[in-house]
Amino acid sequence: MKWLLFVMVFSVEAIAQMRIVALPGKSPVVTLRLVFTTGAARDPEDKPGLARLTAEMLTGGGTKDLTYNQIVDAFFPMAASVGSQVDLEMTTFSGATHVDNLEAYYKLFRSMLLDPGWREDDFKRLKDSAINSLRVGLRGNNDEELGKEVLLSELYRGTPYGHYGVGAVSALQRITIDDVKQFYKQHYTQSNLILGIAGGYTPAFLDRLKKDFGALPAKDSAPALAIRPPAIAHTHAMIVEKNTRSVAYSLGFPIDVRRGDPDFPALLVMQSYFGQHRESGGRLFQRIRGIRGINYGDYDYIEYFPRGGLVLEPPPNVARSSQAFQIWIRPAEPPQAAFTLRLAVFELNKLVKEGIPQEDFDRTKEFLSKFVNVLTKTKRAELAYAIDSLYYGIPNYNAYIKDALAKLTRDQVNAAIRKHLRADRLQIVAVTDHAADLKRQIVGAGPSTIEYNSPKPAEILAEDKIVGAFDIGLRAEDVEIVPVEKVFE
Amino acid sequence: MIRLCLLLFCAVFLASAADPPSKTFPFPYTQEDLANGLRLVTIPTDSPNLVSVFIVVQTGSRNEVEPGKTGFAHLFEHMMFRGTDKYSPQKYDETLKRAGAASNANTSSDRTVFHTTFSKEDLPTILAMEADRFENLKYSLEDFKTETGAVLGEYNKNSANPGSKLEEILADTAFDRHTYKHTTMGFLKDVQDMPNQYDYSIKFFDRYYRPEYTTIIVAGDVDAKQTRALVEKSFGNWPRGSYHADIPVEPKQQGPREAHVDWPSPTLPLLTIAYKGPAYSDASKDSAALDVFATLVFGQSSELYQKLVVREQKLDSLGAGSPSSVDADLFTINARLKHVEDLPAIRAEILAAVKRFQDELVPADKLEAVKKRERYGFTMRLDNSESVAQTVAEYVALRRTPDTIDKLYAQYGQLTPEDLREMARKYLIESGRTIVTLTGATAAGAGK
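In order, the protein sequences belong to chains Y and R.
Just so you know, the first sequence maps onto residues -17 to 471 in the working numbering.
Just so you know, the second sequence maps onto residues 23 to 470 in the working numbering.
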């Protein structure tokens, strides 16, 4: 049975509009997903991390009537919770419960979001946790995610996107509970709310949900966001120096294409051909890992994709009005690291110059037309994608992708590649132990060499010579070395 | 059908608060054995147009019995993507692409799982292609050596995390003879030596990639009869093997052990207190009781968690559990501290909590809440064909049948506070204990 998607606009009053995405069904599980179209891009300049800390206070702290302990206890037998996710322009609260427990679950959900307790001890715990997640979780333990987040912060330096959503250590230490309350009051409004629900709820329950969240202030007074990333004049590299075994890379640049734009489907085909996330068929993966065995994997992106080391499918509800093209090169052994970077940029250059071959175009189109069903295989995912579609002003995501792909030609893809991609004016981020050595090896024309543990075909060895001498256009004066302790500090 | 089944389950569940538990796994399924020993489990669900195929090989790092060969089961997971005469790696990828498939694989101590989710019309193609690589995998010495580079790359990406190192040291310290002494990733020296082990890799394939070690789970928009015919056609001629691994028996631990890891970078201190626990069992209460004990004494709603994480805020995280393994494995309690000077006090508090519940009984109402939670949690995760197949794969790796799920949940349902105390007394003993700590080069985190 095909479930109907109801997208309704519910007017509370003339000025305030709460948007509703409802996917009724017979499932005994009810899924709630409330997305506020606000987030870390609204952090005050001197207080990065405020948006995330605000959401954390709602889901990881007590309410007016209940302590956090009491909430955890109440959720416990239901095997339920309320989760939050904060991105630059979206703050998501999600949870699911068996319909048996809906009444008890919703009572907690409602009071967590609408009647927060703002307790100092919760605040201290969550602030510590944010700082630990920066210093230990990101900087200490996850070189790859660190590289990606530093890349995005650099690409948007000086704009509301130019910081990491978790914040910076010194800023988190400055944030007070009054800041959090103020952020909540200003941005948790009906005009920012997309209220999503799926599963076996009743129409009366939906009415109650609308009425309850109709108590939020009507409108956010913040002006609309206008993100204009700074131009990159020359390829620039930031090398983050830390004690680690290998070298992780992320590189890219902002693109002027997002879901709903005419060139989005064309770039989606490019992305999948060049480096579909965590699949072995992508061009980058094949050339770097498949043939040469250099590292664990190599992928590319045209939309933000957090936690890629942990998840196989893109997390929804991280929609952004500005997106970046990014290449993710998983850690390489230091002796092969310079060559690996040259190889990635060499392949990007080839992609821009030659485009996508016809056979690969046909195959990738077929893949994406079917893969979209995999992405939306759960009610939870269907709901989340519907919310993103509302944000981007596109129809149902599956229909949007399938219709666009059916009409797409190879020429259109190649034209979009030429228009939006390039192999120069890149921002490169490397995480490594020996920054000065790496700098010396990646500036200018090399040559960088590679040695293998087994014989390679003559055409690969010949290509290696070309790659090793491939000048990625990086000048010594455009390389910045930063000790890890300074990153997001 | 999912919805119907879940509703039925729900009705059963509600009615059974005081009755003996009945079916926990809500889907009707078909389980069949081919003449060569291959097992097929087909689970029709109502995921429209989608099918998930999970192929479970009951071989993991537990089967790495020769010295110097740790990490081989995992390497082999990689080698399975290196092609056959009929399907080169490129053709394999192209076929998956045409099917719009999401595909990957993973390895643990007891099993290697290959999984693919795709449109139902591609089931015959995918099964034929999978059968071909399980029967006819063929790779050159050069390809083998190249792939060992990717495995070293995987070790490298994991090595940035101090938790990986702690896990490695814990296993090495706690076990003397059993192959659980090494992690699935293997020791670095063995990973670095992998390029020299081509011949052994052929032997490994010949031993373990055999029908009697393998179960195919097909879940989603499928028909059991048609699926059986397809599997028979593709996998029916795969010859049975004859190898049985002689897994070394772990001698009884005779006293407490300790180890410490100095981590070269700043990080938060880690403390792991582990005990030799039971093997997975659906026929006795041991493993079920310790699972519940872990939740009640160290889980988010436990007194200890609320004290140390929420109120006193000395810990950043606290949790416990055991991995449901084929052989007796470790029950571990893991804590991440904010201040290194708290290590002795936290260690004492955790040991005191273990001791306390060897003397006292857990409150009966708390135990009932855990039982309820386990069953709601289990039902709610089965919301699509992929998660159904994945869940079944975890149990198939242990007992080769989804039947074990209902048996295990029957054990959960019968647990009493006395059972928990008895199992804590039996397994959480000082002579079977291993404590590992890890501290960074300098302090890190919010506390400093």
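Glycine included, every Cβ here is placed at the ideal spot set by N, Cα and C.
Problem - Partner residues on chain Y for TYR398 (chain R), Cβ-Cβ distance less than 9 Å - result: The residue given as residue 398 (chain R) occupies position 376 in the second sequence. Here the neighbours are PRO59, MET60, ALA61, ALA62, THR79, HIS80, ASP82, ASN83.
Problem - Backbone secondary structure at LEU390 (chain Y) - three-state DSSP - result: For the purposes of this step, residue 390 (chain Y) is taken as residue 408 along the first sequence, with counting starting at 1. Coil at LEU390 (chain Y), not helix or strand.
Practice task
Verify the CB distance criterion: does PRO286 (chain R) have a CB-CB separation below 8 Å to chain Y?
Solution key: For this step, residue 286 (chain R) is matched to residue 264 along the second sequence. Yes, contact with chain Y.
Handout entry: GLU169 (chain R): contacting residues in chain Y (beta-carbon distance under 8 Å)
Key = Stepping through the second sequence from its first residue, residue 169 (chain R) is reached at position 147. GLY275, listed in chain order.
Problem - Helix, strand or coil at GLU53 (chain R) according to DSSP, with G and I counted as helix - result: Residue 53 (chain R) sits at position 31 when you count from the first residue of the second sequence. Reading the sequence as shown, one finds Gln at residue 53 (chain R) and not Glu. Note: GLN53 (chain R) maps to strand in three-state DSSP.
Handout entry: Min CB distance ASN128 (chain R) to chain Y below 8 Å
Key = Counting from 1 along the second sequence, the entry for residue 128 (chain R) is found at position 106. No, ASN128 (chain R) does not count as interfacial toward chain Y.
Practice task
Tell me, please, whether the CB atom of GLN80 (chain R) is closer than 8 Å to any CB atom in chain Y?
Solution key: Residue mapping note: residue 80 (chain R) aligns to position 58 of the second sequence, counting from 1. Taking Cβ atoms only, chain Y never reaches closer than 8 Å to GLN80 (chain R), which makes this a no.
Exercise for the section: Could I get the ranges of all uninterrupted beta strand (DSSP E) runs contained in the segment 269 to 351 of chain Y, with 3 residues as the minimum, in chain order? Expected result: 280 to 283, 305 to 314
Exercise for the section: Jot down the residue ranges of each uninterrupted beta strand (DSSP E) in the segment 218 to 260 of chain R, minimum 3 residues, whole runs only, in chain order. Expected result: 236 to 242
Practice task
Output, in chain order, the set of chain R residues within a Cβ distance shorter than 7 Å of THR41 (chain Y).
Solution key: In the first sequence, residue 41 (chain Y) corresponds to position 59, counting from 1. Result: empty, since nearest Cβ-Cβ is about 13 Å, beyond 7 Å.
Practice task
Kindly indicate which three-state DSSP category ASP107 (chain R) falls into: helix, strand or coil?
Solution key: Position 85 of the second sequence, counting from 1, holds the residue named residue 107 (chain R). Residue state, collapsed to three classes: coil.
Practice task
Take TYR170 (chain Y) as the anchor and find which of Y:ARG269, Y:ALA301, Y:ARG107, Y:ALA37 has the nearest alpha-carbon.
Solution key: Start at 1 with the first residue of the first sequence, and residue 170 (chain Y) comes out as number 188. Closest option to TYR170 (chain Y), Cα to Cα, is Y:ALA37.
Handout entry: Range of the contiguous beta strand (DSSP E) that encloses LEU420 (chain R)
Key = By one-based count along the second sequence, residue 420 (chain R) stands at place 398. No beta strand (DSSP E) holds LEU420 (chain R); the alpha helix (DSSP H) holding it covers 407 to 421.
Practice task
With a floor of 4 residues, list each alpha helix (DSSP H) that falls wholly inside the segment 87 to 150 of chain Y, ordered by position along the chain.
Solution key: 102 to 114, 125 to 137
Practice task
Could you confirm whether any beta carbon from chain Y is found closer than 8 Å to the beta carbon of PHE315 (chain R)?
Solution key: Residue numbering aside, residue 315 (chain R) sits at position 293 when the second sequence is read from its first letter. No, PHE315 (chain R) does not count as interfacial toward chain Y.
Practice task
Tell me HIS137 (chain R)'s beta-bridge partners as DSSP assigns them.
Solution key: Looking up residue 137 (chain R) in the second sequence gives position 115. Answer is R:PHE76, R:ASN126.
Exercise for the section: Measure the alpha-carbon distance for ALA78 (chain Y) versus GLY147 (chain Y) and round it to whole angstroms. Expected result: Against the first sequence, residue 78 (chain Y) aligns to sequence position 96. Against the first sequence, residue 147 (chain Y) aligns to sequence position 165. Distance between the alpha carbons of ALA78 (chain Y) and GLY147 (chain Y): 25 Å.
Exercise for the section: Give a yes or no on whether the minimum CB-CB distance between PHE103 (chain R) and chain Y is below 8 Å. Expected result: Here residue 103 (chain R) refers to the residue found at position 81 of the second sequence. Output row for PHE103 (chain R): interface = yes.
Practice task
Mark ILE309 (chain Y) as exposed unless 16 or more other C-beta atoms lie within 10 angstroms of its C-beta, in which case mark it buried.
Solution key: Position 327 of the first sequence, counted from the start, is the residue given in the question as residue 309 (chain Y). Classification of ILE309 (chain Y): buried, given that the 10 Å Cβ count is 16 or more.
Practice task
Could you say if the segment 329 to 340 of chain Y and the segment 265 to 284 of chain Y meet the contact criterion of at least three C-beta pairs nearer than 8 Å?
Solution key: yes
Handout entry: Span of the beta strand (DSSP E) around ASP284 (chain R)
Key = Locating residue 284 (chain R) in the second sequence gives position 262, where the first residue counts as 1. Taken as a continuous stretch (DSSP letters only), the beta strand (DSSP E) holding ASP284 (chain R) covers 279 to 284.
Problem - Neighbourhood of LYS347 (chain Y) by C-beta distance below 8 Å, restricted to the same chain and skipping five residues each side - result: Your numbering for residue 347 (chain Y) matches position 365 in the first sequence. If we look at LYS347 (chain Y) and ignore the five residues flanking it on each side, its Cβ neighbours are VAL251, LEU387, LEU390.
Exercise for the section: Could you name each continuous alpha helix (DSSP H) segment of 4 residues or more that falls completely within the segment 139 to 213 of chain Y, going from the start of the chain to the end? Expected result: 151 to 156, 159 to 169, 185 to 195
Exercise for the section: Assign ILE451 (chain R) to one of three DSSP states: helix, strand, or coil. Expected result: Residue 451 (chain R) sits at position 429 when you count from the first residue of the second sequence. Coil at ILE451 (chain R), not helix or strand.
Exercise for the section: Would you check if the segment 424 to 435 of chain R and the segment 366 to 382 of chain Y touch, i.e. whether three or more CB-CB distances between them fall below 8 Å? Expected result: no
Handout entry: Residues bridged to ILE8 (chain R) [DSSP beta-bridge criterion]
Key = Beyond the ends of chain R as shown, which are 23 and 470, falls residue 8 (chain R); an answer cannot be given.
Handout entry: Contact set between ASN356 (chain R) and chain Y, taken where Cβ atoms lie within less than 9 Å
Key = Translated into the one-based positions of the second sequence, residue 356 (chain R) becomes position 334. Correct list: empty, because the minimum Cβ distance to chain Y is about 15 Å.
Exercise for the section: Measure the Cβ-Cβ separation of GLU85 (chain Y) and ILE463 (chain Y) and say whether it is below 8 Å. Expected result: Sequence index remark: in the first sequence, residue 85 (chain Y) carries index 103 (1-based). Sequence index remark: in the first sequence, residue 463 (chain Y) carries index 481 (1-based). No, the pair does not count as a contact, with Cβ atoms beyond the cut-off.
Practice task
Pick helix, strand or coil for GLN112 (chain R), following the three-state DSSP scheme.
Solution key: Taking the second sequence and counting its residues from 1, one reaches residue 112 (chain R) at position 90. Here GLN112 (chain R) sits in helix by DSSP.
Exercise for the section: Tell me, please, whether the CB atom of GLU116 (chain R) is closer than 8 Å to any CB atom in chain Y? Expected result: Here residue 116 (chain R) refers to the residue found at position 94 of the second sequence. GLU116 (chain R) counts as touching chain Y.
Practice task
Starting from TYR231 (chain Y), trace the alpha helix (DSSP H) both ways and give me its first and last residue.
Solution key: Walking along the first sequence from the start, residue 231 (chain Y) turns up at place 249. No alpha helix (DSSP H) contains TYR231 (chain Y), which is instead part of the beta strand (DSSP E) from 229 to 237.
Practice task
Enumerate in chain order the residues of its own chain whose CB-to-CB distance from SER303 (chain R) is below 7 Å, with the five nearest sequence positions on each side excluded.
Solution key: Start at 1 with the first residue of the second sequence, and residue 303 (chain R) comes out as number 281. Same-chain partners within the cutoff: SER309.
Practice task
Check whether the Cβ atoms of MET207 (chain R) and HIS137 (chain R) lie closer than 8 Å to each other.
Solution key: Along the second sequence, read from residue 1 onward, the residue named residue 207 (chain R) stands at position 185. Along the second sequence, read from residue 1 onward, the residue named residue 137 (chain R) stands at position 115. Going by C-beta atoms, MET207 (chain R) is not nearer than 8 Å to HIS137 (chain R).
Practice task
Would you please verify whether the beta carbon of LEU460 (chain R) is less than 8 Å from any beta carbon of chain Y?
Solution key: The count along the second sequence starts at 1 and reaches residue 460 (chain R) at position 438. No - not a single Cβ of chain Y is within 8 Å of the one on LEU460 (chain R).
Exercise for the section: Tell whether a beta-carbon distance below 8 Å holds between ALA230 (chain Y) and GLY119 (chain Y). Expected result: Numbered from its first residue, the first sequence carries residue 230 (chain Y) at position 248. Numbered from its first residue, the first sequence carries residue 119 (chain Y) at position 137. Taking 8 Å as the Cβ cut-off, ALA230 (chain Y) and GLY119 (chain Y) do not qualify as a contacting pair.
Handout entry: Residue from R:SER141, R:ASP132, R:SER162 with nearest C-alpha to PRO111 (chain R)
Key = Here residue 111 (chain R) is taken as the residue at index 89 of the second sequence, counted from 1. The shortest Cα separation from PRO111 (chain R) among R:SER141, R:ASP132, R:SER162 belongs to R:SER162.
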